[in-house]
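Trainee:
Protein chains: 4
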Amino acid sequence: MDNRNHAKDLPPVRIGSRTFHSRLFVGTGKYETLDVMKQALEASGTELVTVALRRVNLNNPNEPTILDAIPQGCTILPNTAGCYSAEEAIQVAHLARAAGIGDLIKLEVIGDQNLLWPDPVGTLEATRQLVEEGFAVMVYTAPDPVLAAHLERAGAAAVMPLGSPIGSGQGVLDVRQIQRIRARISVPLVVDAGIGSPSDAALAMEAGADAVLVNTAIARAQDPVAMAAAMREAVWAGYWGRMAGRIPRVEDAQPSSPVEGMPRVGA
Amino acid sequence: MDNRNHAKDLPPVRIGSRTFHSRLFVGTGKYETLDVMKQALEASGTELVTVALRRVNLNNPNEPTILDAIPQGCTILPNTAGCYSAEEAIQVAHLARAAGIGDLIKLEVIGDQNLLWPDPVGTLEATRQLVEEGFAVMVYTAPDPVLAAHLERAGAAAVMPLGSPIGSGQGVLDVRQIQRIRARISVPLVVDAGIGSPSDAALAMEAGADAVLVNTAIARAQDPVAMAAAMREAVWAGYWGRMAGRIPRVEDAQPSSPVEGMPRVGA
Amino acid sequence: MDNRNHAKDLPPVRIGSRTFHSRLFVGTGKYETLDVMKQALEASGTELVTVALRRVNLNNPNEPTILDAIPQGCTILPNTAGCYSAEEAIQVAHLARAAGIGDLIKLEVIGDQNLLWPDPVGTLEATRQLVEEGFAVMVYTAPDPVLAAHLERAGAAAVMPLGSPIGSGQGVLDVRQIQRIRARISVPLVVDAGIGSPSDAALAMEAGADAVLVNTAIARAQDPVAMAAAMREAVWAGYWGRMAGRIPRVEDAQPSSPVEGMPRVGA
Amino acid sequence: MDNRNHAKDLPPVRIGSRTFHSRLFVGTGKYETLDVMKQALEASGTELVTVALRRVNLNNPNEPTILDAIPQGCTILPNTAGCYSAEEAIQVAHLARAAGIGDLIKLEVIGDQNLLWPDPVGTLEATRQLVEEGFAVMVYTAPDPVLAAHLERAGAAAVMPLGSPIGSGQGVLDVRQIQRIRARISVPLVVDAGIGSPSDAALAMEAGADAVLVNTAIARAQDPVAMAAAMREAVWAGYWGRMAGRIPRVEDAQPSSPVEGMPRVGA
Chain A
0 MDNRNHAKDL
10 PPVRIGSRTF
20 HSRLFVGTGK
30 YETLDVMKQA
40 LEASGTELVT
50 VALRRVNLNN
60 PNEPTILDAI
70 PQGCTILPNT
80 AGCYSAEEAI
90 QVAHLARAAG
100 IGDLIKLEVI
110 GDQNLLWPDP
120 VGTLEATRQL
130 VEEGFAVMVY
140 TAPDPVLAAH
150 LERAGAAAVM
160 PLGSPIGSGQ
170 GVLDVRQIQR
180 IRARISVPLV
190 VDAGIGSPSD
200 AALAMEAGAD
210 AVLVNTAIAR
220 AQDPVAMAAA
230 MREAVWAGYW
240 GRMAGRIPRV
250 EDAQPSSPVE
260 GMPRVGA
Chain B
0 MDNRNHAKDL
10 PPVRIGSRTF
20 HSRLFVGTGK
30 YETLDVMKQA
40 LEASGTELVT
50 VALRRVNLNN
60 PNEPTILDAI
70 PQGCTILPNT
80 AGCYSAEEAI
90 QVAHLARAAG
100 IGDLIKLEVI
110 GDQNLLWPDP
120 VGTLEATRQL
130 VEEGFAVMVY
140 TAPDPVLAAH
150 LERAGAAAVM
160 PLGSPIGSGQ
170 GVLDVRQIQR
180 IRARISVPLV
190 VDAGIGSPSD
200 AALAMEAGAD
210 AVLVNTAIAR
220 AQDPVAMAAA
230 MREAVWAGYW
240 GRMAGRIPRV
250 EDAQPSSPVE
260 GMPRVGA
Chain C
0 MDNRNHAKDL
10 PPVRIGSRTF
20 HSRLFVGTGK
30 YETLDVMKQA
40 LEASGTELVT
50 VALRRVNLNN
60 PNEPTILDAI
70 PQGCTILPNT
80 AGCYSAEEAI
90 QVAHLARAAG
100 IGDLIKLEVI
110 GDQNLLWPDP
120 VGTLEATRQL
130 VEEGFAVMVY
140 TAPDPVLAAH
150 LERAGAAAVM
160 PLGSPIGSGQ
170 GVLDVRQIQR
180 IRARISVPLV
190 VDAGIGSPSD
200 AALAMEAGAD
210 AVLVNTAIAR
220 AQDPVAMAAA
230 MREAVWAGYW
240 GRMAGRIPRV
250 EDAQPSSPVE
260 GMPRVGA
Chain D
0 MDNRNHAKDL
10 PPVRIGSRTF
20 HSRLFVGTGK
30 YETLDVMKQA
40 LEASGTELVT
50 VALRRVNLNN
60 PNEPTILDAI
70 PQGCTILPNT
80 AGCYSAEEAI
90 QVAHLARAAG
100 IGDLIKLEVI
110 GDQNLLWPDP
120 VGTLEATRQL
130 VEEGFAVMVY
140 TAPDPVLAAH
150 LERAGAAAVM
160 PLGSPIGSGQ
170 GVLDVRQIQR
180 IRARISVPLV
190 VDAGIGSPSD
200 AALAMEAGAD
210 AVLVNTAIAR
220 AQDPVAMAAA
230 MREAVWAGYW
240 GRMAGRIPRV
250 EDAQPSSPVE
260 GMPRVGA
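Protein chains in written order, with numbering that gives the first Met the number 0: chain A, 0 to 266; chain B, 0 to 266; chain C, 0 to 266; chain D, 0 to 266.
1. Roughly how many angstroms lie between the CA atoms of C:Ile-89 and A:Asp-102, to the nearest whole one?
2. Can you tell me which of A:Lys-29, A:Val-12, A:Gly-170, A:Arg-179 puts its alpha carbon nearest to the alpha carbon of A:Ile-194?
3. What's the C-alpha gap between A:Met-204 and A:Ser-255?
4. Thinking just about the alpha-carbon of each residue, which of B:Ile-165, B:Phe-134, B:Pro-10 is nearest to the one in B:Ala-97?
5. Indicate whether the contact test is met: 3 or more Cβ pairs, each with one atom in the region 31-48 of chain D and one in the region 61-78 of chain D, closer than 8 angstroms.
6. Are the beta-carbon atoms of C:Asp-222 and D:Ala-243 separated by less than 8 angstroms?
7. Could you give the DSSP three-state label for C:Ala-98: helix, strand or coil?
8. Anything in the region 134-149 of chain C with a Cβ closer than 7 angstroms to a Cβ of chain A? List those residues in chain order, please.
9. Given a cut-off of 8 angstroms on the beta-carbon distance, is the pair A:Ala-220 and B:Ile-246 in contact?
10. Ignoring anything shorter than 3 residues, give me the beta strand (DSSP E) runs that lie fully in the region 175-219 of chain A, in order along the chain.
11. Looking at chain F, is there any beta carbon in it that lies within less than 8 angstroms of the beta carbon of B:Arg-245?
12. Check whether the Cβ of B:Trp-116 lies closer than 7 angstroms to any heavy atom of the ligand FAD, and answer yes or no.
13. Taking C:Val-120 as the query, report the chain A residues whose CB atoms sit under 9 angstroms from its CB, ordered along the chain.
14. Hey, does C:Asp-111 have any beta-carbon neighbour from chain A nearer than 8 angstroms?
15. By Cβ distance below 6 angstroms, which residues in the same chain neighbour A:Arg-263 in space, the five residues on each side in sequence not counted?
16. Looking at the secondary structure, which residues open and close the alpha helix (DSSP H) in which C:Asp-111 lies?
17. With a threshold of 16 other CB atoms inside 10 Å of the CB of B:Gly-99, please say whether the residue is buried or exposed.
18. By alpha-carbon positions, which one of C:Ala-218, C:Trp-235, C:Gln-253, C:Arg-231 ends up nearest to C:Met-29?
19. Going along chain D in order, which residues have a C-beta closer than 9 angstroms to the C-beta of B:Arg-179?
20. Considering C:Pro-160, what are the terminal residues of the beta strand (DSSP E) in which it resides?
21. Report the option in A:Pro-187, A:Gly-240, A:Gly-162, A:Gln-176 whose CA atom is closest to the CA atom of A:Val-213.
22. Just the C-alpha distance for A:Ala-216 and A:Gly-166, rounded to the nearest angstrom, thanks.
23. Please list, in chain order, the residues of the region 158-190 of chain D that have any C-beta partner in chain B closer than 8 angstroms.
24. Given C:Asp-34, which residues of its chain have a CB within under 8 angstroms of its CB, disregarding the five upstream and five downstream residues?
25. What's the C-alpha gap between D:Val-145 and B:Gly-81?
26. What are the boundary residues of the alpha helix (DSSP H) that includes C:Thr-126?
27. Counting along the chain, where does the alpha helix (DSSP H) carrying B:Ala-135 start and finish?
28. In whole angstroms, what separates the C-alpha of D:Thr-64 from that of D:Leu-23?
29. I want to verify the contact list: residues of chain C whose CB lies under 7 angstroms from the CB of D:Arg-219, in sequence order.
30. Does DSSP put D:Leu-114 in a helix, in a strand, or in coil?
31. Applying the criterion that 16 or more other CB atoms from any shown protein chain within 10 Å of the CB defines a buried residue, is A:Thr-27 buried or exposed?
32. Buried or exposed: which applies to D:Arg-248, given that a residue is buried once 16 or more other Cβ atoms fall within 10 Å of its Cβ?
33. In whole angstroms, what separates the C-alpha of B:Trp-235 from that of C:Val-174?
34. Which residue's Cα is closest to the Cα of A:Gln-176: A:Ala-141, A:Pro-164, A:Thr-18?
35. So B:Val-224 and B:Asp-209 are supposed to be a Cβ contact under 8 angstroms. How far apart are they, rounded?
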């Protein structure tokens, strides 16, 4: 494993006023136990952990909560999962701020219960409102390059297109859309949903994501801790794969062993 | 980077009588300079390096050759690249043995010059012959599950299906074929051609490859050394991604933040 | 050819107050000559032909225009191609109505010049306004199921998701999105962009489109008249393919020649 | 429907000494009833119908058989479905000839029971043998361009690559392989397995198939007769789509409504 310790660390990514050295963001839903979750979060090396605000017991500070299982040093990213309108999402953001969790928020305004597909109208509206109120808004969105540009103009701190439906494990269905969004926005791009395996995470990074957010693929893997470590390395590999400048895709073969000018040792 | 140093190293893979701790095999064609190649091979962590025998100057032992740029401790895997018949490939294998490179050989019998597609007939024939002569034969083949089983029965030490045409950078075009071959053979499966990026390497490992062989994607990357490191981690990530037991792919969304039984803090 | 004359004609599709017996809508851009265009439109069997209003000379009624090359009996569908805001598109619609072309309009509000990707915000706004003014609005949109439902609620007469970027010939990149939109709206669904070949058109229909709109794939084919006829049949085949209830996709093989209980004539 | 009656009929395809005006070949397995099969075969317009020889009662000529439900004028193509070796397949071919069905044979030598994947070794061996004995051999094969060339050299009357596993309804998984085979052989190319819908059939023809063979997709459709008609038109559409010269696929959009030099009627 020593040879993994080479000089090429990841440069940090900046979202709002915060800086993260890990580019793997992790969710907290669906783990079997809080203990497994804690180990997986540690193995992932993450510094940003998202929590559905509805799962946090805001009323009784003495009761142990999901927050207690999040490793020291991680930033908590409250999300508005389960909100179906701008109003509802804004209200949840207010509660997060009131509870002292801070003003970094992951905005989800869902428009379809089966697909958990974001509502472009409510999402844009809530982004504008929350930005005006001083929140740093990380926005879950469809992988739509024009909508992504609208969200950036509305002041989003990060644009978070889905790769495929939440929890579906289908990966990034249309890599080109991630590349197109990348070419059209300046704020960080985080692929937010659909990652099912390490290769999906690497592919998202190769396409230009600054980070990926993974939840189900880790939480519901047979071995969440091993999967968390695999995702961590895949994000690293995808980042450097992009930086290293990949070869072009071509239709036909390109010999890797040039034989021109070589002595024919064969027949 | 310290957190990359966790306990889950890769178990070694055994091919013929040899054991390899790295599951990234690397080719030596197409590098700009031997120095870049040497650095890339080192960054890759590889222990098995393939060389087109035609590129080795077997006649003048005093002249520096490609072999001098291969890191200490790597096994040399001579290949029969550029051979278009069983006879020709067998002859090249004999030369390798005569030159003292050993009896591990990567067999390529090409059937089409533009696609560098393997010839199933000549490949099977040469495999039988070389196995009989005591070679440990790692066989480049089309991703055909029935042909793979024939090759194993013929005594191949490893079956090496292409993911897509050599040097095309298209990755693994049909993951199911790799999975099907995996389910039908017992000897190591090495995805041998088409890898273009770290996500491709991870995907090959997730599909069941025991190792991947990469040449053009490293040699022709803008930064071959960084790409070699990225490939190394991607192979690691893909291996553990497979071992960790990925979630199933489903069509529609699966909420990662369960809201049942949660207090409705929103509207 | 007689056997093509069987009883299964297509049921008509109703958009706004109009009824169309052909489910192939055709555009008028990019033809080499107006004569080729006329022949292609005739071969296509189309009854709805879209025209960029900017190409129509509205000022000089004596000058021959593109409209003269459109077969008798076809409905003209003016479109707002080239409009980058709701205001601009609405203004073009007003001109179409003033010119007596009618109140059926194809609305395009573009948000990105290179992708010709629709702007969800401007598109929804213009739809609302034009519906209020009594237009029957056929709306070009991204293949977003939530946005499609918004457009229907806004009163769209037809929702027209792109299959892939305009003129790209990539077909329907994500068939599931077409199926999802189909499941969420009641007005006609027309796949509007990206069709490159007859199989693309058939696939769109199989996925649930009520019609397809084709322009570049016919106009820029080497033989536009033959391609128009091929598209016509493909739409027919795709419609009946959907109605006939296709077999499910499965991973492995299903023997088509059952051999159980059959006398073994072989060895 | 009259407009379907235009001048562009399909040119006939010649296989061995026979000529077929329809390019849709149909199988006879899996129909609910012989009556439904008969209607579907008629609706398909086929002139070549394949029958698993094992399903034909060769012993009792008075008993009604599947052959009685095949429309007049169709050529019977006995196949060797269910054979797992060259010997077995050759024996079945001999029985077909002895029964007077003729010397046109569809050769299947299966190498894997779950995938019904062809065995390249047994297939090539049986092809050579049967060609020597005077059979016109239509060969089911993996979509391997080098193997296809071997089969042609062995004397195959038609090469029949699978698009995806038999009965899987996955269509043509790698269109490029069909195109590559097309570029490498001169005898007719028939896509033989995996067709699930009319768009799949059209795509196979567009890729260069001279004909397609469909069984499960028709026999197991909810309405086999309607599906047979849809497949017939799809084959026609795919053929002419290829002949008409499709537009290239490009990544980004190409405006279909050129606006250069047009009067700006908008803002």
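Just so it is clear, CB atoms sit at the ideal spot from N, CA and C, and this is done for glycine as well.
Mentor: This is what the structure holds:
1. 40 angstroms
2. A:Gly-170
3. 26 angstroms
4. B:Phe-134
5. yes
6. yes
7. coil
8. Ala-141, Asp-143, Pro-144, Val-145, Leu-146, His-149
9. yes
10. 210-213
11. No chain F appears in the structure shown, which is made up of the protein chains A, B, C and D.
12. The ligand FAD is not part of this structure, which contains no ligands at all.
13. Pro-119, Val-120, Leu-123, Val-145, Leu-146, His-149
14. yes
15. Caution applies to A:Arg-263, whose pLDDT of 40 falls short of 50 and renders its modelled position unreliable; the model cannot decide the point.
16. Not the alpha helix (DSSP H): C:Asp-111 falls in the beta strand (DSSP E), residues 109-111.
17. exposed
18. For the sequence presented, residue 29 of chain C should be read as Lys rather than Met. Here the closest residue by C-alpha is C:Ala-218.
19. Asp-111, Asn-113, Leu-114, Trp-116
20. 157-160
21. A:Gly-162
22. 7 angstroms
23. Leu-172, Asp-173, Arg-179, Arg-183
24. Ala-68
25. 16 angstroms
26. 119-131
27. Unbroken run through B:Ala-135 is the beta strand (DSSP E), 135-140; no alpha helix (DSSP H).
28. 23 angstroms
29. Ile-246
30. coil
31. buried
32. exposed
33. 34 angstroms
34. A:Ala-141
35. Contact doesn't hold; Cβ gap of about 25 angstroms is too wide.
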